[in-house]
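Notes for the one structure printed next.
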Amino acid sequence: MLVSAKDMLNKARDGKYAVGQFNINNLEWTKAILLTAEEMKSPVILGVSEGAGKYMCGYKTIVGMVNGMLDSLNITVPVALHLDHGTFEGAKACINAGFSSIMFDGSHYPIEENIAKTTALVNTCDVLGLSLEAEVGSIGGEEDGVVGMGECADPKECKMIADLGVTMLAAGIGNIHGKYPENWPGLRFDVLENVKKEVGDMPLVLHGGTGIPDDMIKKAISLGVAKINVNTECQLVFQEATRAYIEAGKDLQGKGFDPRKLLAPGFEAIKVKVKEKMEIFGSVGKA
Ligand code: 13P
Numbered sequence: 090m091l092v093s094a095k096d097m098l099n100k101a102r103d104g105k106y107a108v109g110q111f112n113i114n115n116l117e118w119t120k121a122i123l124l125t126a127e128e129m130k131s132p133v134i135l136g137v138s139e140g141a142g143k144y145m146c147g148y149k150t151i152v153g154m155v156n157g158m159l160d161s162l163n164i165t166v167p168v169a170l171h172l173d174h175g176t177f178e179g180a181k182a183c184i185n186a187g188f189s190s191i192m193f194d195g196s197h198y199p200i201e202e203n204i205a206k207t208t209a210l211v212n213t214c215d216v217l218g219l220s221l222e223a224e225v226g227s228i229g230g231e232e233d234g235v236v237g238m239g240e241c242a243d244p245k246e247c248k249m250i251a252d253l254g255v256t257m258l259a260a261g262i263g264n265i266h267g268k269y270p271e272n273w274p275g276l277r278f279d280v281l282e283n284v285k286k287e288v289g290d291m292p293l294v295l296h297g298g299t300g301i302p303d304d305m306i307k308k309a310i311s312l313g314v315a316k317i318n319v320n321t322e323c324q325l326v327f328q329e330a331t332r333a334y335i336e337a338g339k340d341l342q343g344k345g346f347d348p349r350k351l352l353a354p355g356f357e358a359i360k361v362k363v364k365e366k367m368e369i370f371g372s373v374g375k376a
C-alpha cells in the first residue's frame, strides 16, 4: 500500500539520513527502483513530473501500475508516490487519482499567492492523510540550452510557508536540476543553515541531486535535508547502458531486438545507480 512520506521523512530527519526521491518514466524504471528499495530495506519516494505523467498515460494509469507492482513484487518497504513540481491543477488531479504525496511548486508566484494556493492544498492533504511538499526560491536548471544558477530561498519566506503546515519544504540553496555547470559555486550552506533556523523541525528537500559531490550531500543531510531528488543521473545511466547494448550489436544477435532484452541493461543500470544513492543518503536498512 502506498504511504504518505510524512513518517519516513520525520524518521530520516531524526536519524540524520535522507530518503531518495527517484523519478519514474516508465515501467522498467519503476520496477528497478521498487526492487532495489526492497533489496536495500530502504524507504523510497517515486517522483512523477507532470510531463512524465502525460507520457505514462495519466496519473490513474501510474497509480494502477505502482499499486500493482507493490502487490506483485511483494514490496514491504514504505513507498510514497509523489507528484514532482506540480501545478495547482496537477496537484488536484494527483490527489483525485490516488497519489500518496504531492509537491505544489508555487515558487514562481509572488509569495502571497504561493501562500494562498499552498494553504488550500494543506487543508485537502490533511483530510486525506497525504504528505505535501512546498517550494520557496526556484531551483535553477537548463532551459533552451542556457543553465541558470539556482536561486536562494529567503529564510523568512520559508518560515511563512512552513508555518502553513506542509510536511516538507524545498528551499533553493543554489541547487540546479540536470548537470551542474563547470563554474557552479556549490551549495549555499549558509542559506541552508538560516532556513533551518527559521523552520525548525520541518524536513528539508534537496532537488537537483544529480552530480552534487558526496561530501556536500552529507553536509546537507547534517543540516536538516531529509529528502533528496534524483532524476538526471538515472536517465544518463539508462541511456548509456542502452546505447552500449546497441553499439555492441547485441540487438542484431538472436532475439536481442526483443524490447525486454533491449531495455534490460538500462533496467540493471538504474538498479545499480539507485543502490549507490541509497548508500550515500544513508537510507539502507531504515525501512
Ligand atoms: P536532477 O534531475 O538534477 O537529478 O533533479 C531531480 C529533481 O530535483 C526532481 O525534482
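In the numbering used here, the protein residues as written are 90 to 376. Where a beta carbon is used, it is the ideal one built from N, C-alpha and C, also for glycine.
| Item | Value |
| --- | --- |
| For P354, count neighbouring Cβ atoms within 10 angstroms of its own Cβ and tell me buried if that reaches 16, exposed if not. | buried |
| Are the CB atoms of I265 and G229 within a distance shorter than 7 Å? | yes |
| In angstroms, rounded to a whole number, what distance separates the CA positions of F346 and R332? | 13 Å |
| Whose C-alpha, out of C241, C146, E368 and K286, is nearest the C-alpha of K307? | E368 |
| Put L135 into one of helix, strand or coil per three-state DSSP. | strand |
| Does K344 pass the burial test, meaning 16 or more other C-beta atoms within 10 Å, or should it be called exposed? | exposed |
| Within its chain, find whatever has a CB closer than 6 Å to the CB of G142; leave out the 5 residues flanking it on each side and keep chain order. | Y148 |
| Can you name, in chain order, every residue of its own chain whose Cβ lies under 6 Å from the Cβ of G338, other than the five neighbours on each side? | none |
| Quick check for students: name the residue ranges of the alpha helix (DSSP H) that lie wholly in the stretch 187-275, counting only runs of 4 or more. | 200-217 and 244-251 |
| Got a sec: does the ligand 13P put a non-hydrogen atom nearer than 6 Å to the Cβ of V319? | yes |
| For G261 and G226, which I take to be in contact (beta-carbon distance under 8 Å), what is that distance rounded to the nearest angstrom? | 3 Å |
| Quick test of your reading: S196 and A169, contact by CB under 8 Å. State the CB separation rounded to the nearest angstrom. | About 21 Å separates the two Cβ atoms, so there is no contact after all. |
| Report the three-state DSSP secondary structure of N283 (helix, strand or coil). | helix |
| Could you give the residue range of the alpha helix (DSSP H) that holds L341? | No alpha helix (DSSP H) contains L341, which DSSP labels as neither H nor E. |
| With a threshold of 6 Å, establish whether the CB of D215 neighbours any heavy atom of the ligand 13P. | no |
| Just the C-alpha distance for A389 and E202, rounded to the nearest angstrom, thanks. | A query on residue 389 cannot be resolved here, the shown segment of the chain reaching from 90 to 376 and no further. |
| Can you find a heavy atom of the ligand 13P that lies under 6 Å from the Cβ of T165? | no |
| Looking only at C-alpha atoms, which of T119, L124, F193 and L123 sits nearest to M145? | T119 |
| Could you give the DSSP three-state label for D347: helix, strand or coil? | coil |
| Hey, E282 and L312: beta-carbon distance below 7 Å or not? | yes |
| Find the nearest neighbour of G374 within the set P167, K130 and V216, judged by alpha-carbon distance. | K130 |
| Under the rule that 16 or more other beta-carbon atoms within 10 Å means buried, what is D303, buried or exposed? | exposed |
| Under a Cβ-count criterion, where at least 16 other Cβ atoms within 10 Å of its own Cβ denotes burial, should Q110 be classed as buried or exposed? | buried |
| With distances taken between CB atoms, is the gap from Y106 to G371 smaller than 7 Å? | yes |
| State the DSSP-derived secondary structure class of L98, mapped to helix, strand or coil. | helix |
| Below 8 Å on the Cβ atoms is my contact criterion, and I expect M97 with P199 to pass it. Report the Cβ-Cβ distance as a whole number of Å. | With 8 Å as the limit, M97 and P199 do not qualify as a contact, their Cβ atoms being about 32 Å apart. |
| Spatial neighbours of M154 within its chain, please: CB distance less than 8 Å, with the 5 preceding and 5 following residues excluded, ordered by chain position. | L116, T119 and M145 |
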